[in-house]
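Residue numbers (our numbering): 18 to 310. Notes follow the structure.
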Ligand code: GLU
């Protein structure tokens, strides 16, 4: 199944307010989609109820609008797609790729990939009762894909990713499975932070197992603070709402390696930005310090 409409997307998790790092992903995905005259969708990755912060999804929408980032069509809520994920899980189980795993985090070697301990516990049907166990998927040894910013990626999946969890012990679909199914079904361009590169290999593996077409990928550098920590909703990164939008948009534009232009309004910024956008100018460096104002 090929997505009905070619589209890019921004897919924040509602775990807090947007910050400069989020703006980079929003801007790059927006410009890549709009410069190709494609739709730009907003997907809220709210599958992980326990981690979602009340009010965060609302505040994300308000911030995007405040920064002049308007999306096409209705918001896509992952929490509304349970059937889609279950269907994908059933197919993967039918194909003999899924096993149940009772290993606790503590019983596994710290900082290493999952050693395959429970690989023999293959599931044969989605209706098989599984009590207090996670479901993992057998990953390929290696995988290759193209990235518009990082170049061709040859990933040693066995050594760096391993057999990941696709359905959690608490019965929630994992981010990797949900994201793989949604991206392959709904969009054709995925532009996001390079911190997700390894997850991309696992997501492409899942798409291939499900015979779904993989989108084109571009992984932009991750913004770090002066201590070299990634800006995140959990770090003390300033929220976008506390910053001046036009100035912050221009800083993000510069961070993404794009050629500057004169502008006075947010509307005009986006008109010119989509016109001038060159993905080939985005630096490949995986981590870059946030520029000072
Ligand atoms: N929802 C995830 C996040 O906010 C990842 C989004 C993505 O795949 O772009 O980190």
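Heads up, the beta-carbon is just placed ideally off N, CA and C, and yes, glycines get one too. These numbers were taken from a predicted model, which means no experiment stands behind them.
> How would you call residue 122, buried or exposed, if buried means at least 16 neighbouring beta carbons within 10 angstroms?
Replying inline: Counting Cβ neighbours within 10 Å, residue 122 comes out exposed, since fewer than 16 surround it.
>> Please state the DSSP three-state secondary structure of residue 21.
In response: Of the three classes helix, strand and coil, the one that applies to residue 21 here is coil, per DSSP.
>> Can you look up residue 310 in the DSSP assignment and give me helix, strand or coil?
In response: Note that residue 310 scores a pLDDT of 45, beneath 50, so its modelled location is shaky and nothing firm can be said.
> Going by DSSP, what residues sit across from residue 170 in a beta bridge?
Replying inline: BP columns for residue 170 point to 162.
> Which residues in the same chain as residue 117 place their Cβ atom closer than 7 Å to its Cβ, once the five residues preceding and following it in sequence are excluded?
Replying inline: The beta carbon of residue 117 lies closer than 7 Å to those of 135, 138, 140, 147, 150 and 152 in the same chain, with the five residues before and after it left out.
> Quick one: complete beta strand (DSSP E) runs, 3+ long, within the stretch 215 to 248?
Replying inline: Considered as a whole, the stretch 215 to 248 harbours 233 to 237 and 239 to 241 as its complete beta strand (DSSP E) runs of no fewer than 3 residues, in chain order.
> Is residue 62 near the ligand GLU, going by C-beta to nearest heavy atom under 7 Å?
Replying inline: Yes, the beta carbon of residue 62 sits closer than 7 Å to at least one heavy atom of the ligand GLU.
> Is it the case that the Cβ atoms of residue 84 and residue 288 are separated by a distance below 8 Å?
Replying inline: Using a Cβ distance threshold of 8 Å, residue 84 and residue 288 do not count as a contacting pair.
> Looking at residue 196 and the ligand GLU, is the gap between the Cβ and the nearest heavy atom below 7 Å?
Replying inline: Closer than 7 Å to some heavy atom of the ligand GLU: that describes the Cβ of residue 196.
>> Quick check on residue 206: buried or exposed, where buried means 16 or more other Cβ atoms within 10 Å of its Cβ?
In response: Around the Cβ of residue 206, a 10 Å sphere holds 16 or more other Cβ atoms; the residue is buried.
> What span of residues does the beta strand (DSSP E) with residue 152 cover, start to end?
Replying inline: 151 to 154 is the span of the beta strand (DSSP E), which, as asked, contains residue 152.
>> For residue 199, tell me which candidate among 244, 170 and 217 has the shortest Cα-Cα distance.
In response: Selected option, being the one with the closest Cα: 217.
>> the ligand GLU and residue 20: does the residue's C-beta get closer than 7 Å to at least one heavy atom of that ligand?
In response: No.
> Any heavy atom of the ligand GLU closer than 7 Å to the Cβ of residue 29?
Replying inline: Shortest gap from the CB of residue 29 to any heavy atom of the ligand GLU: under 7 Å.
> Count the other CB atoms within 10 Å of the CB of residue 193; is the residue buried (16 or more) or exposed (fewer)?
Replying inline: So residue 193 counts as buried.
> Distance, Cα to Cα, residue 227 vs residue 221?
Replying inline: In this structure, the straight-line span from the alpha carbon of residue 227 to that of residue 221 is close to 10 Å.
> In three-state terms, what does DSSP make of residue 291?
Replying inline: Three-state result, residue 291: helix.
> What do you get for residue 145, buried or exposed, if any count of 16 or more other CB atoms within 10 angstroms of its CB means buried?
Replying inline: Classification of residue 145: exposed, given that the 10 Å Cβ count is below 16.
> Smallest Cα separation from residue 71: which of 280, 91 and 33?
Replying inline: Out of 280, 91 and 33, 33 has the C-alpha closest to the C-alpha of residue 71.
>> Out of 48, 25, 239 and 86, which one is the CA nearest neighbour of residue 58?
In response: Measuring from the Cα of residue 58, the nearest candidate turns out to be 25.
> Ends of the alpha helix (DSSP H) at residue 82?
Replying inline: DSSP places residue 82 inside the alpha helix (DSSP H), whose first and last residues are 73 to 83.
>> Starting from residue 103, trace the alpha helix (DSSP H) in both directions and tell me its first and last residue.
In response: Here the alpha helix (DSSP H) through residue 103 covers 99 to 111.
> Buried or exposed: residue 271, going by 16 or more other Cβ atoms within 10 Å of its Cβ?
Replying inline: Exposed, by the Cβ-count rule.
> Name the DSSP bridge partner or partners of residue 312?
Replying inline: The structure shown has nothing for residue 312, since the chain only spans 18 to 310.
>> Per the DSSP calculation, residue 130 is bridged to which residue(s)?
In response: For residue 130, which the question treats as bridged, DSSP gives no partner whatsoever.
> residue 266: beta carbon under 7 Å from a heavy atom of the ligand GLU?
Replying inline: No, the Cβ of residue 266 stays beyond 7 Å of every heavy atom of the ligand GLU.
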